[in-house]
Structures are given as structure tokens and as C-alpha cells.
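J.: I am attaching a structure below and will ask some questions about it afterwards.
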Amino acid sequence: DQQVKQNSPSLSVQEGRISILNCDYTNSMFDYFLWYKKYPAEGPTFLISISSIKDKNEDGRFTVFLNKSAKHLSLHIVPSQPGDSAVYFCAASKTGNQFYFGTGTSLTVIP
Amino acid sequence: DTAVSQTPKYLVTQMGNDKSIKCEQNLGHDTMYWYKQDSKKFLKIMFSYNNKELIINETVPNRFSPKSPDKAHLNLHINSLELGDSAVYFCASSQGQGAGEAFFGQGTRLTVV
Numbered sequence: 003d004q005q006v007k008q009n010s011p012s013l014s015v016q017e018g019r020i021s022i023l024n025c026d027y028t029n030s031m032f033d034y035f036l037w038y039k040k041y042p043a044e045g046p047t048f049l050i051s052i053s054s055i056k057d058k059n060e061d062g063r064f065t066v067f068l069n070k071s072a073k074h075l076s077l078h079i080v081p082s083q084p085g086d087s088a089v090y091f092c093a094a095s096k097t098g099n100q101f102y103f104g105t106g107t108s109l110t111v112i113p
Numbered sequence: 004d005t006a007v008s009q010t011p012k013y014l015v016t017q018m019g020n021d022k023s024i025k026c027e028q029n030l031g032h033d034t035m036y037w038y039k040q041d042s043k044k045f046l047k048i049m050f051s052y053n054n055k056e057l058i059i060n061e062t063v064p065n066r067f068s069p070k071s072p073d074k075a076h077l078n079l080h081i082n083s084l085e086l087g088d089s090a091v092y093f094c095a096s097s098q099g100q101g102a103g104e105a106f107f108g109q110g111t112r113l114t115v116v
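Protein sequence lines correspond, in order, to chains A and B. Quick note on numbering: the first sequence equals residues 3 to 113 in the working numbering. Quick note on numbering: the second sequence equals residues 4 to 116 in the working numbering.
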């Protein structure tokens, strides 16, 4: 039962352009959403999060948007840099319960 | 100074063996987790421990058993290893169950031959 889905396994973007990574979830009880970045042979590292009481959270080049009615969130990276090339995981939780992860989107930023 | 460390990083072993993966966190978190990333890259929760008490136990085989000697450690013991157990196992911790961000270890790539 995959409650968090990332339907695009890969994405390629030119350096300097915007990268948009998408994530859908099925459980309306989720109240906390996170994005993680993962390099090969390393564990996922936290990137940015958003609570269900907000619809946008921004941290430098990274912005997460939450659309609760559509059960959809997205991560925008502007401008994209070659160092952003990694696998990005979306995760969701209901506080007090476990984190559920998507299958990841592999982002390649082309110099 | 690694926040969540797990050992070993690589583990190759034969079917039927028993092995352990160790995990330690120095963040003072009260909840620790074990995740399995299979060949499809899906990160799936296996266990979580809060204050030394197992509070989530997904439908994993009972050959897998978590052991938490204290709040900072959550080790994973696997008995009678099978080929299908080959995967990358990640340990993680957070302050509060499903709250805040989870910090992950570097992963242990287990290969059963």
C-alpha cells in the first residue's frame, strides 16, 4: 500500500533553469511533509519540510508547495545547479505515526 | 561527527547465516527507525523504537528483530538470511514519532549469496 507516490522516476534540467519535482499522497490524515535528497552510497538527507497548515515554505533556492485538496506537493529548485543532481524523496507522516516515503525522482542538472 | 552511524556499510554473506547491523545516534532523539530500500528503490519502514519500546512493527518476517539496548542504539538482527533479504538497510532517528525531520545513516548494503 503505497501512500506516497512519485510518478516521475527521472528528470533532466539545464543548469540555471527551474526543477520541479512532484509528489502525490493518498492519506488525508497526513499533516507533515518532507523532501529528502540522496546521493549514491549515502543516506537521505533532509532538505525542506512543510506542515499541513501551510501551502508554501521557502528556503533559499528550494520551495515546497502543498495543495491539500489535490493531495499533491511539489519541490521547486531555482536556479538548478549541477550539485543538485541526486535522487529526491518525498515523505509524509501523521504526527505520532511513521514516515511514508515515495520511490524517488532522480534529478540530473546538465551544465 | 556523524549524527546517525551504522555499521557495516557493506555486508556480503551466505544464505542461512545470522547477521547484525548496528546503529547509533548522537542527536539525543527518542525515536529510531529501520528502513529497507529494495531493488525498486522503495524506502519501506520496518521498525521504529520510542524510548526503548517497539511501537511499529510492519509485516516483516520474524527473522528480523530489532534490539535497542538504550535510547541511542537500535541494532537489527537477521536470522537465517535469504536471497530476498538483499537490499540497502537504513537506520534513522527523529525527535518524536513521525514528527520533525528524520536523520538517516549512510545505509548498509546487504548482499545474500
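We put the beta carbon where it would ideally sit given N, CA and C, even for glycine.
Tell me whether L84(B) sits in a helix, a strand or coil according to DSSP, three-state version.
T.: Counted from its first residue, the second sequence places residue 84(B) at position 81. Correct three-state label for L84(B): coil.
J.: Cutting at 6 Å between CB atoms, please list the residues of its own chain near M31(A), excluding the five before and the five after it.
T.: Residue numbering aside, residue 31(A) sits at position 29 when the first sequence is read from its first letter. Answer for M31(A): K96, listed in chain order.
J.: Compute the beta-carbon to beta-carbon distance between S76(A) and V111(A), rounded to the nearest angstrom, for a pair I have assumed lies under 8 Å.
T.: Along the first sequence, read from residue 1 onward, the residue named residue 76(A) stands at position 74. Along the first sequence, read from residue 1 onward, the residue named residue 111(A) stands at position 109. With a Cβ gap of about 17 Å, S76(A) and V111(A) do not count as contacting.
J.: Using only the alpha-carbon positions, how far apart do I20(A) and H78(A) sit?
T.: As a working note, residue 20(A) is residue 18 in the first sequence. As a working note, residue 78(A) is residue 76 in the first sequence. I20(A) and H78(A): Cα-Cα distance of roughly 7 Å.
J.: Below 8 Å, how does it come out for the stretch 90 to 97 of chain B and the stretch 31 to 38 of chain B: are there three or more Cβ pairs, yes or no?
T.: Verdict: yes, contact present.
J.: Name the residues in the stretch 23 to 50 of chain B whose C-beta lies less than 7 Å from a C-beta of chain A; which are they?
T.: The stretch 23 to 50 of chain B vs chain A, Cβ under 7 Å: K43, K44, F45, L46 and I48.
J.: Apply the 10 Å Cβ neighbour rule to L86(B) and answer buried if 16 or more other Cβ atoms are within range, or exposed otherwise.
T.: Here residue 86(B) corresponds to residue number 83 of the second sequence, with the count starting at 1. Burial call: exposed.
J.: Tell me which same chain residues have a C-beta within less than 8 Å of the C-beta of G99(B), skipping the five on either side of it?
T.: Looking up residue 99(B) in the second sequence gives position 96. For G99(B), where only same-chain residues beyond five positions count, the Cβ hits under 8 Å are D33 and T34.
J.: Check the Cβ of S1(A) against every Cβ in chain B and list those closer than 7 Å, keeping chain order.
T.: Residue 1(A) lies beyond the range of chain A shown here (3 to 113); nothing can be said about it.
J.: Within the chosen definition, does the stretch 44 to 54 of chain A reach the stretch 5 to 18 of chain A through at least 3 CB pairs nearer than 8 Å?
T.: Verdict: no, contact absent.
J.: At a Cβ cut of 7 Å, what residues of the stretch 77 to 108 of chain A count as close to chain B, listed as they run along the chain?
T.: Within the stretch 77 to 108 of chain A, the qualifying residues are F91, S95, K96, T97, G98, N99, Q100, F101, F103, T105 and G106.
J.: On the CB-based measure, 16 or more other CB atoms within 10 Å of its CB, does P69(B) come out buried or exposed?
T.: Along the second sequence, read from residue 1 onward, the residue named residue 69(B) stands at position 66. Result: buried.
J.: Between H76(B) and the rest of its own chain, which residues show a CB-CB distance below 6 Å, the 5 nearest in sequence each way excluded?
T.: Your numbering for residue 76(B) matches position 73 in the second sequence. Cβ neighbours of H76(B) beyond the five flanking positions: E27.
J.: With 9 Å set as the bound, which would you pick, yes or no: does the beta-carbon of A90(B) sit closer than that to a beta-carbon of chain A?
T.: Within the second sequence, numbered from 1, the residue matching residue 90(B) stands at position 87. Output row for A90(B): interface = no.
J.: Report back the beta-carbon spacing between N60(B) and F50(B) to the nearest angstrom; my notes put them in contact at under 8 Å.
T.: The sequence position of residue 60(B) within the second sequence is 57, counting from 1. The sequence position of residue 50(B) within the second sequence is 47, counting from 1. About 6 Å; that satisfies the 8 Å criterion.
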